[in-house]
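Chains as they are written, first to last, in this note's numbering: chain L, 3 to 240; chain H, 3 to 240; chain G, 3 to 240; chain U, 3 to 240; chain F, 3 to 240; chain E, 3 to 240.
Working notes, structure below.
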């Protein structure tokens, strides 16, 4: 189920908070990747389908530094296979004591046209990654090479990331609040609903800044609110 | 016990670190709200009396999204009742996996003249809240709606926030180091003492930057320090 | 084993990530001080030999505020004894609920020519410390005086800091990713190797930004990579 | 909504695991009081309606040992007011570093005919409490007096206990797996359903011990399983 | 690489502590499954090759209670496929808030001749499982059905369990100290070495109980120790 | 300040809970070694002066298995130097992922007449240690050799153990609730006070089991309670 350009564009204009509420209405309460932050909070919203990498704990004898000389090493292979437009999602078992990846790999993802990277562990070269033109999310910076604690084992299988389930093809959206996972088959309807909700929230925010009480306004339990909102939409062309 | 303008102004000019030391001298060791940070570290110091909201863990059947249609829902009611000048303090049981509040509610607190907000959980729309003209503190950003994990249950009762006891009317002070809780009946004397301590610390900082050793200077165990400080105060008019 | 100027200068030009990999090649996997961040990520890389302070949990009767009137109090004494060029490393048992030190002590370290400070606990007056011209690292800001939870007990003994072993004289390097501990007797060779690795990584980064795949490039398993790198070094004079 | 004798008796014969599944079918996923264990795993199943005590973090000046001389101190008052048949449920904010109660208070609850006690903190005199004829559950033993970290503040209000919501009147069931909270209005139907489920699980357990595969048996997707179960029930009179 | 009867028998006679030391000598430091305990510490030592089940976080829409009606549901399928003699090892992401399995599934593993079960999460019906004639290990009891937080996703792939890497075919040994993972290709030599070490440790234990100092005895740095041990072995026929 | 036989005997007859309360009255709130349990809860109360061992995180190159061939290795040396009657207290930085010691060393402590052992980490061979005739306390069992994560560095210096400060010579008391640290200079008076408190608590427990309310009884705010207690003491000869 590919992500349409229309849905992608809609999702780029809404917040993870709004998406979470839309998911909540459908009974989905655990789609937020917990405890990750953007390396550069100023980047545009990240949107893309999930392409996953799974790590298990590293075993010393299997992870000398020379493993990377194997061109089929899963970490390096995954970086070269992650499709343009996709988000590289890494299951690091929430362990940020060693890195999930560093600036060179993230730069390669960027050059290949990937939409971003998120790990529930840490990224090394964090200051450099923050400057790259690709959104990136992690728990905290972490300098030690991934081999120290992580062994890349599987590419593009269902994983957990930050206590959220991530299936390949799910849609990942990331902003200053973190990253949320939209099940693939819900992406279109969540995008539509989130666009509507965003219009209303923008209206509410404007009214609140004008001094209006939230009672009756948010949610729109008063008839006056609903008519004001209709007028506002018309005037704004939204 | 209302917070006088004089005490408020004094507290705005001192640091949470200094206040903690003044409390420590009185045997109060647990008044720091642990593990919260300002969303915008550049904001002026937050000072105000505590107005509290207590959450308990959310039960799914009691928390459909429609609960907010009830104008007396405690979260919304609390936001409308928090007095101007007060700090909205939220007991989220240190659980930041779902939001304590979002930008619209914080904007409403700002418009109502509240002094700030602190939760030991997370705030959603964190980037927007950071830009509002009201100090805000949380553990980390969190996009999911509060209903996901939190049910608002009580307004303005004694709570725990970040492992600190908070009684309605206590004075909350927040700066880049976090937030501290001053028991209501100590606010005046702590403010006075902290102003005095701040004068001395400013003097010490100046001397240290001039190259003086801290021995004998900080604390002022040498007579010379005490006379230098007296002269410094006179020259500074403090 | 003093740190030579040459080695210090080399280490200032490499990253903690690169150093971690060089240590990893030697079987050293736990040299990263876990979970510390720079107060000002924009500072130059911190390099210096470790001078340590060890805290134990504070006992109330031994830690009235008056203990600082004793000129030989270990925290204050340590600050005055930390040699110019050294990094002040504090074992706070990873407990950031009370401060390890504040702006005045850090300013004194700066004036005394120390290279930096790192604690696995917290620093108070964090905003002020960030502005000082000395690199500083901690877990998170923490306003309460150290006496609240920490009693300074030993100066310049082997300690744990953020789960890493730190022996006096080890070389500490800190950047945006955190701080790493280089065993004293490895400092020269690690510095040399890291300089070499950095040249190669800079070459790789440049090629990746030009659009090259990482396969065969990183690591340099293709002969073409090795010859390109040789040419690049010559052209860059590195 | 009082707990009927019939429902109580049914619940005494089923497990918390079975109850959790019945709650799960109704969309209730967070009713288990997390991370508590029985002090004596050999006790019969605990069943009773919740009577709650809420603690907040202790403030030193409000909690000298003399506070207990006040007969209306909430901890002591609650112990005397907890109705016969009720379970005393304590919100200790999951903090077991100080006790929630000790053997004398638990003995008093026992003598007053209470059904049990559960805290998400710790109990002191744990060995003695284990020997009392009343089921008790906690996180781990904890010797320090509650005043050290806990201040009793509210009696019989909604609380969180071990990340579960607990409303006064909810039905608490505890066995070797821990304690579960059944919303008051679901107690009868959950009890009925759990009794039915238990009959089936006992049948399945018997068949598994006879060597049958779980496929088709558990759940009963094969017609043969359903007829066997019907015959088994008849033969057992269940 | 099948586990020979000889190696299995040797491993049944040694402790996880001794095995850890033998692994340590080979540079393997992370083979202990951290933070799991036997449900019945009195069971004989568990030995068997690993057969794995991988869980990811549960997504609500994919995990209604009806999923178990599918005979190919991975949890149930895995229980029926785990070979006799194998240990069922479950990656529950160290999350014990919901169960990994319950008494019926563990009974089925027992009847199928499996060697044991270990999860880094929790088991439900813990008291019943403890009584079954099969060793079982978990973090702590947990009543909620696995569907609450865990979705079974993969059978017999490499996993992490309690921060240890587990590859299908590795040998798992479990006793009162917990469970250790022996890489498949090291099982024979580790078993041999551990048997030797155990003989020496038994000798040392006997001598210590006779009052001998550990210096020179443990390790056997004194010639006298070595000759005494030789004599002891001869007398014991070991 | 040696521990007198009289004080030792008194402390053997009181509980850690009672001692904690006596310390609390003196403003000492952090003397409980947090999160340790007895390996055998049935042992008599442990009493002895503290003899300490300090671990730091292990560095791989300094900790080959051969280090124990050095007779002056601090772990082994400490075991041989711990005085008869003393409690061996280990600072393992609350890290139980590797052992602090095993059965052979604990047996040696027992033979040397030591009073017990407590570590805030783990003990290996836990089942064997539980059977030895010496009280032992730890966080949880842990099979990996101490070298894996711990390097013994200092003998008999002030340490932290389970977040409590421990000075050599302090008196350690351990029972089913865990271990408490009595400052050396308070041991006599705490013992006296605890004996008195225990008499009263025993009286109260008896009265509660007879059905008396705790109000007015515990504490003894009613005159009747005080006279009843006086009579009870006389009758019991306490």
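Where is the CB? At the ideal position from N, CA and C, for every residue including glycine.
Since the model is a prediction, treat every value here as computed from it, not as a measurement.
Nonlocal neighbours in the same chain, by C-beta distance under 6 Å from residue i, ignoring five residues either side
| i | result |
| --- | --- |
| residue 47 of chain L | 14, 177 |
| residue 115 of chain G | 86 |
| residue 7 of chain G | none |
Beta-carbon proximity list for residue i, same chain, < 8 Å, skipping 5 on both sides
| i | result |
| --- | --- |
| residue 134 of chain L | 105, 108, 109, 112 |
| residue 154 of chain E | 55, 56, 57, 75, 76, 77, 80, 148 |
| residue 216 of chain L | 206, 210 |
Per DSSP, cross-strand counterpart(s) of residue i
| i | result |
| --- | --- |
| residue 181 of chain U | U/35, U/176 |
| residue 52 of chain U | U/89 |
| residue 156 of chain L | L/56 |
| residue 168 of chain H | H/161 |
| residue 121 of chain G | G/92 |
| residue 140 of chain E | E/39 |
| residue 98 of chain F | None, per the DSSP bridge assignment. |
| residue 103 of chain G | G/125 |
Contact set for residue i: own chain, Cβ-Cβ below 7 Å, skip 5 residues either direction
| i | result |
| --- | --- |
| residue 27 of chain U | none |
| residue 189 of chain E | 5, 9, 173 |
| residue 97 of chain E | 123, 151 |
| residue 241 of chain G | Past the edges of chain G, shown from 3 to 240, lies residue 241 of chain G, and the structure says nothing about it. |
Neighbouring residues, chain U, relative to residue i (Cβ below 7 Å)
| i | result |
| --- | --- |
| residue 166 of chain H | 59 |
| residue 153 of chain H | 167 |
Anticipated Cβ contact below 8 Å, residue i with residue j, distance rounded
| i | j | result |
| --- | --- | --- |
| residue 156 of chain F | residue 85 of chain F | No, residue 156 of chain F and residue 85 of chain F are not in contact; Cβ-Cβ is about 17 Å, not under 8 Å. |
| residue 118 of chain F | residue 50 of chain F | 6 Å |
| residue 99 of chain U | residue 71 of chain E | No, residue 99 of chain U and residue 71 of chain E are not in contact; Cβ-Cβ is about 41 Å, not under 8 Å. |
| residue 102 of chain G | residue 92 of chain G | 5 Å |
| residue 38 of chain U | residue 120 of chain U | 6 Å |
| residue 218 of chain F | residue 73 of chain E | 7 Å |
| residue 168 of chain E | residue 18 of chain E | About 15 Å; that fails the 8 Å criterion. |
Contact set between residue i and chain E, taken where Cβ atoms lie within less than 7 Å
| i | result |
| --- | --- |
| residue 107 of chain G | Under the 7 Å cutoff, chain E gives no residues; its nearest Cβ is about 22 Å from residue 107 of chain G. |
Neighbour list for residue i in chain F, Cβ cutoff strictly below 8 Å
| i | result |
| --- | --- |
| residue 62 of chain L | 29, 30, 31, 32 |
| residue 185 of chain L | 61, 63 |
Neighbouring residues, chain G, relative to residue i (Cβ below 9 Å)
| i | result |
| --- | --- |
| residue 95 of chain E | 95, 96, 162, 165 |
Interface residues of chain B facing residue i [CB-CB closer than 9 Å]
| i | result |
| --- | --- |
| residue 67 of chain U | Annotation note: the requested chain B is absent from the structure, which comprises protein chains L, H, G, U, F and E. |
Proximal chain E residues relative to residue i, where beta-carbon distance stays under 8 Å
| i | result |
| --- | --- |
| residue 211 of chain F | 109, 113 |
| residue 70 of chain U | 220, 221 |
Contact list for residue i against chain H, beta-carbon separation under 8 Å
| i | result |
| --- | --- |
| residue 82 of chain G | 215, 216, 217 |
Listed by chain order, chain G residues near residue i by CB distance under 8 Å
| i | result |
| --- | --- |
| residue 144 of chain L | 34, 179, 180 |
| residue 203 of chain H | 106 |
Interface residues of chain L facing residue i [CB-CB closer than 8 Å]
| i | result |
| --- | --- |
| residue 206 of chain G | 106 |
Within chain L, the residues that residue i reaches when beta carbons sit closer than 7 Å
| i | result |
| --- | --- |
| residue 17 of chain G | 127 |
Within chain L, the residues that residue i reaches when beta carbons sit closer than 9 Å
| i | result |
| --- | --- |
| residue 73 of chain H | 217, 218, 223 |
| residue 78 of chain H | 216, 217, 220 |
Within chain E, the residues that residue i reaches when beta carbons sit closer than 9 Å
| i | result |
| --- | --- |
| residue 195 of chain F | Correct list: empty, because the minimum Cβ distance to chain E is about 12 Å. |
Proximal residues of chain U, C-beta to C-beta of residue i below 8 Å
| i | result |
| --- | --- |
| residue 149 of chain F | 26 |
Discussion item. With three or more beta-carbon pairs closer than 8 Å as the criterion, would you say the stretch 30-46 of chain F touches the stretch 223-230 of chain F?
Written reply: Taking a cut-off of 8 Å for Cβ pairs, the stretch 30-46 of chain F and the stretch 223-230 of chain F do not touch, as fewer than three such pairs fall below it.
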